[in-house]
Structures are given as C-alpha cells and as structure tokens.
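Residue numbers (the UniProt record's numbering): 1 to 667.
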C-alpha cells in the first residue's frame, strides 16, 4: 500500500510532492527585516530533509505589522533577500511559500519606535498590556492594499505560493472576533461585517498575484476565547475564504491569550486535528492540520483517516530537519522527535533571542556549529549517559573520534526519565530513547551498570574525558529531615517510593511543581477510562470532569519565594500552574518550612504566624547540586577533562544537551 504521507497533491496549479508542510514560525533570525545568512542556512537544511512545502515567515506587510526580527515584505528593497531565501529552499529540494501577516494589537509599541499599535477597536491587549488605536476605514483599505503589494513581492521573489495568516489573534482575527471588533460600520457588527476585512485581503491578494498563483490561508478552527469566535463561525469563515480565492486552508488553533494549551507537551499528539476535519468536510480545497504532530505515524494516520489532506510539522523539523527523508526511506527509528518542551523555541522568543532547540543543538546554528572532522582521531570516554553525556558522545563520534560512554544505571537518559514522570510530560522519555537510538545507529560503544572509576580510566586509557555525571538532590538543613516519612522528589518521580494521602512538597521550583502534579493525578481517571465512561454515559459529564482532575491525595507545596515555578520556562509555566490549580494543589508562597515533625510540617507564614500542617509524607524538592567526584583526581593524572551539564552547574536539559554538543564537537 502506498504511504499516504508521500503521495503528491495539487494546490491550484502547484503540485506538491508529499504531504508534509513546514509551517511558518517566527524565528527572530531576520535583522531589520532583512533576510540573513542564518535564516538562509536554517531553511536550506530543512529543505534538504524533503518536506513537500516550506512556508517561511511571518513576513510583514508594513512597518506596524511586526518586529525587525520578522522577514520584511513591505518594501521592494526586501525582494533581493526574499529571492535568496526562495532559491535556498528550492535548490535544496522543497517548494517555498511566504506567510504574510499584520500583528495588529499584538505588536508592542517598542517594535515600532514607540508608535501605538492598531486594531479594529481600542480594546487593550492582555498579551502586551497596551491599548491599540482604532483604524479608520481609509486606513483599513490601505492595509488591504499593502497585503496585496507584499504578495506581489513574494511572487516576484520566486516563491511558489503565498499564505495569509487569518488566525492566532492577529489583525484579521481581531476583525473577525466580537471581543476585539466593536465597530458599527461596514467592518463590524454581524459575522458578515467582521469577515469583510479578511475577505477583502484575500481578494486583493488574488488580484495582485493572478489566478494561477497558489494562495494558502492559515485560519483558526477554534479561537478558544470565551465570548469569541467558535467552531461554527470559523467554519463559515473558512467556506467564505475559499469562495473568495483561497486554494488551501491551514487550520490553526487558539489565540496567544487563550487559556487552552496549544504547543506544550500536555497536548496529546494530533489533538487538534478534529478542527481540520470539521472544516475539510465543508470545503473543496486541501486542508492542512497542525499542532503537536511530531511523528510520521500520527501524520499518516490523520491523512489516511480523512482528518486532513496535509500535515504541518513545524517544531518537528526544527528538532530533526531530516524527518521527512527518514520517514520516506524506512528509517523512522532514527528520528529525533520534538518533545514540546519550548525551552529553545518559544522561550527564546520571550527572551528576544533567536529560535534554538533542546533536541537539536545545530538548529539555528547550521553554519557556526558545523561538526568537522578532527585532524587526529582520539579515544574519548564519556562518563554519564544523560542528555549531556549522550550529546557529547554523538558530537565526538561525528568529529571522527573513537568514543565509549559509561552509564552507572541500567538505562540511558538520566534525569529525562524523571522529567517524563509528571502528567503531560512523557515526551521527555522520547528524547532519552531518541538519543540512545542515535548512539546505536552510529555504533558508539555503551557500557551500562558501570560507574566510571580511576580503574576504568586506567583500563580504557582515553585521550579525552567528558564528565556528564549529573547532579544529586539536596536535603536542606531543616530539623526532622531525617525522619522516615521524609523522601526525595527524585525517588517519588522514579517510582521508588510511594507517598501517603496527605503530602507536603518542600520547594516550589520546577521539580517541586512537577512532583506535585505527579502526585495530584494519582487516583484520577485515565484518558482511556474517561472515554469509556463518557461513551457509556455511565456518569454525568460534570462528575467525570471532577474524577479526571481530583485524585486520592491532598497535595500542598511550600515555597520561600513569592511565586512557584520561577525556573520553569514562560511557555510552559503558566500551563503547569493552571494544572496545579485544576488538580487542587494548595500552595504556600513566601512561606518557610521551620521543622518536620512526625505529624507534619511546621511552617512560618508571610505574616510571621507559626502553623502546623499535618501530612503523611514530606517530599524534598529543594534543588540539587553537581555530582562530580572525578574531576580533580583525573586532572591530577594529567588527563584532559571536560565537564558538561549538571556536573558543572545545575541547569535545564537544554543546557546539558548544548554543552555536551559543544564539548564533543571541539575535541
């Protein structure tokens, strides 16, 4: 049987050789709207991997529509750079498109030299905290024309298609939603009035590019905004888009302000494809499904089951640019999957940095981190099989060295397995398995159940040693911490100990939050049980909801700081805190744990009051410290030693992977 993923499909006159689309994502790699070498290198590498179509962007239609880190399409001076980007994609094997957008009220004034953002109505933005200026009718029509002129430049630059972004809470979304469009003129009021701006943009773009140039539209299937636009009206908008010239629809979900998680690991793979299906059933053009499709198996099932015609795999191709080719040639076991951690992509954007990737240290560094063969082959020993150690071993092997990796436990992955324990975090275990698979594919020698000692070093006689021995948990000097009902969070997450009904977690950092969530979901209904009971109509839906979020344990977290999860990335922190509230986790902020007693924990509240909180189990989640017993002894032997990850300084998995890679590629 033919693989659904690798069948051609036509969009207008354009034949796309397979069903994998890399959607537009803001990378913050442009400079003053100009295409850079870094951007060209990034997309050239993705094109070599073989997706049928790569859509870059978004690109701006005027100076108020984005930031200087966006690709510019609002002036003829940007056409040369666009042409260079189109050539890089096409010459390396993929078709190329550009997404055009205007951010509207989502564009902060700092990106526009202090100018006030614009929108259909002066409704404050929760994302930026700013109130936009209302566009006049004349200004609206000028923006419509600027979309058309930008599309003309995209075509002149040699791209194969153009995409218009009509979702995500940007300007066209803002006109469509009654939450942000309070106008009473022809661009407001009922749904027809609120659709007018978006439809005029599509018509103007069609007039600018001609009848045969493909126009894709990225539009929402559901805004997930209470009081906003839902599935029914968005399906009607989708039909109208096709009627006004759209050749394909790329179905997006949510606004940036929406409280429904869209990109994080709690979102099941392919969870939002049902929205693409609902629109596919109403239109005659190809429909693309996206969000959390990080595996070819999921992708081909969605296409085979008529949920969509193509799949958008964005962060998946950041993590592994060769994913399409690996899937096409039967090497899916070699794929490094996106784990939806957001540590290098979305969190970087919040820091005003360019996109990188936890899973792929080369992402965004295709030129400056290129691994080249070493002038002389060396024997390299890596101590520790966590993410930092595996990354170091892979880079050292690719450099041409003879590599052996030692791991003292019975499996590779280290703390990735602990990170995978809380609900919605299982993708971290995928990275452990993927990195181990990369070692196996390359033939790197791995020795498990063996701790590196001086005797091992003497036997192996390495030229270089990479220490990736990780960290060990801290036990704070709290009286009573040696009592038998006090356990470490790592042991709880590893399933080595079991907590009682009432649990106090001491420490509200990432590990404390993850442990609280892990324990709070104990005794809740699984997804499989929930579906069975719902289909059988065995319980009232509200009761099923309660049983899905309230488990059998009472969980509390005590944290000395004024907030919890401060060391969690911004992209995922809000969702994890939302889940803590949903599961009924009690949080004591700005609170000190004074003493652990046989009956519970004595705490000091922010007001200075001393209270005894009863609990059956106390879980220590007070941080960790480097575990590095070998460095000094090996240096004393005159060995060349490199320390990576938590063994040097406790950090995130992102830090470990990137430090390991840098150590390995520089040996």
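Glycine is no exception: its CB is placed at the ideal position from the N, C-alpha and C atoms.
As the structure is a prediction and not an experimental result, all values here were calculated from the model.
Taking 8 Å as the cut-off, decide whether the C-beta atoms of residue 366 and residue 408 are in contact.
no
DSSP state of residue 378, grouped into three classes?
Coil at residue 378, not helix or strand.
Could you check the C-alpha separation between residue 669 and residue 307 for me, to the nearest Å?
This structure cannot speak to residue 669, because the chain is shown only from 1 to 667.
Starting from the N-terminal side, write out each stretch of the beta strand (DSSP E) that is 3 residues or longer and does not extend beyond the segment 100-173.
161-165
Note the first and the last residue of the continuous alpha helix (DSSP H) segment covering residue 531.
Run containing residue 531: 527-535, per the alpha helix (DSSP H) assignment.
When you compare only the Cα positions, how much space is there between residue 651 and residue 15?
A straight-line Cα-Cα distance of about 46 Å links residue 651 and residue 15.
Where does residue 195 sit, in a helix, a strand or coil, going by DSSP?
helix
Which same chain residues end up closer than 6 Å to residue 668 when comparing Cβ atoms and leaving out the 5 residues on each side of it in sequence?
The structure shown does not extend to residue 668, since the chain spans only 1 to 667, so no value can be given for it.
When we look at the beta-carbon of residue 561 and count the other beta-carbons within 10 Å, is it buried (16 or more) or exposed?
exposed
Over what stretch of residues does the alpha helix (DSSP H) that includes residue 658 continue unbroken?
653-665
Would you grab the beta carbon distance between residue 492 and residue 619 for me? Rounded to a whole angstrom, and I think it's under 8 Å.
6 Å
Residue nearest to residue 155 in terms of C-alpha spacing, selected from 78, 607, 622 and 397
78
Is the segment 78-90 in contact with the segment 173-187, if contact means three or more CB pairs nearer than 8 Å?
no
Relative to the ligand NAP, is the shortest distance from any of its heavy atoms to the C-beta of residue 636 smaller than 7 Å?
Questions concerning the ligand NAP fall outside what the structure shown contains, since it holds no ligand whatsoever.
Taking the C-alpha atoms as reference points, what is the distance between residue 338 and residue 557?
30 Å
Would you be able to state if there are at least three C-beta pairs under 8 Å between the segment 607-627 and the segment 351-365?
no
Kindly indicate which three-state DSSP category residue 65 falls into: helix, strand or coil?
coil
Starting from the Cα of residue 286, find the closest Cα among 20, 645 and 635 and give me that residue.
Comparing Cα-Cα distances from residue 286 to each of 20, 645 and 635, the minimum goes to 20.
Just tell me which of 190, 24 and 4 has its CA closest to the CA of residue 18.
Closest option to residue 18, Cα to Cα, is 4.
Does the beta-carbon distance from residue 142 to residue 132 come in below 8 Å?
no
On a Cα-Cα basis, can you pick out the residue from 472, 457 and 273 that is closest to residue 637?
The residue with the shortest Cα to Cα distance from residue 637 is 457.
Report all residues from its chain with a CB closer than 7 Å to the CB of residue 573; omit the five preceding and five following residues, and keep chain order.
565
Using 8 Å as the Cβ pair cut-off and three pairs as the minimum, do the segment 525-540 and the segment 463-482 touch?
The segment 525-540 is not in contact with the segment 463-482.
Report all residues from its chain with a CB closer than 7 Å to the CB of residue 603; omit the five preceding and five following residues, and keep chain order.
558, 588, 591, 592, 593, 594, 611 and 613
At least three beta-carbon pairs within less than 8 Å, the segment 230-244 to the segment 113-128
Flag = no, the segment 230-244 and the segment 113-128 do not touch.
If contacts are defined as beta-carbon pairs under 8 Å, then residue 267 and residue 340 qualify, I think. What distance do you get, rounded to the angstrom?
Confirmed, about 7 Å.
Could you round the C-beta distance between residue 23 and residue 314 to whole angstroms and report it? I think they count as a contact, below 8 Å.
5 Å
Can you grab the Cα-Cα spacing for the pair residue 253 / residue 305, in whole Å?
20 Å
My assumption, with CB atoms under 8 Å, is that residue 579 sits in contact with residue 517. Please give the rounded CB distance.
Between the beta-carbon of residue 579 and that of residue 517 there is about 6 Å, and that keeps the pair under the 8 Å contact cut.
Measuring alpha carbon to alpha carbon, tell me which residue in 319, 345 and 348 is nearest residue 335.
319
Using 8 Å as the threshold, is the segment 429-445 in touch with the segment 264-284, meaning 3 or more CB pairs across them?
no
By a C-beta neighbour count over all protein chains shown, 10 Å radius and 16 as the cutoff for buried, is residue 297 buried or exposed?
exposed
To the nearest whole angstrom, what separates the beta carbons of residue 391 and residue 42, a pair I think is in contact under 8 Å?
Not a contact, Cβ separation roughly 20 Å.
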